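Participant:
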Amino acid sequence: MKELFTKLLLVMFFIGVIRILFKHIFTYISSYVSGSFGFSVIILLIILIISLIATQWFQGLRMSGKHKSIIVIIILLLSV
39 MKELFTKLLL VMFFIGVIRI LFKHIFTYIS SYVSGSFGFS VIILLIILII SLIATQWFQG
99 LRMSGKHKSI IVIIILLLSV
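Residue numbers (my numbering): 39 to 118.
#1: Is it buried or exposed, ILE88, if we count other Cβ atoms within 10 angstroms and call 16 or more buried?
#2: Do you know how far the Cα of LYS40 is from the Cα of LEU48?
#3: Hey, LEU84 and PHE52: beta-carbon distance below 9 Å or not?
#4: Taking C-beta to C-beta, are ILE56 and ILE80 nearer than 9 Å?
Quick look at the structure:
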């Protein structure tokens, strides 16, 4: 149980860092790209990058499938 809690804390820290980085990147890019098309493209790119990073990172973690799926759902909810 302690190991799961430690992994959840790492995931929350990881999510926080990614959200801060993407917030700055998003504001930088959105100042150059205008219109709803550019906005939707940026959102899709951010979600794609987050999912790729999360997939690579979770492959390194040794957890059961149930715990991985719960954490992936949390990341997807926080990234949107």
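Virtual Cβ for every residue (Gly too), placed ideally from N, Cα, C. Predicted model only: the values in this text are computed from it and were never measured.
Facilitator: So, from the data block:
#1: With 16 or more other CB atoms across the displayed protein chains lying within 10 angstroms of its CB, ILE88 is buried.
#2: Taking the straight line joining both Cα atoms gives about 12 Å.
#3: Note on residue identity: the sequence assigns Ile, not Leu, to residue 84. Cβ atoms of ILE84 and PHE52: not closer than 9 Å.
#4: No. Outside cutoff.
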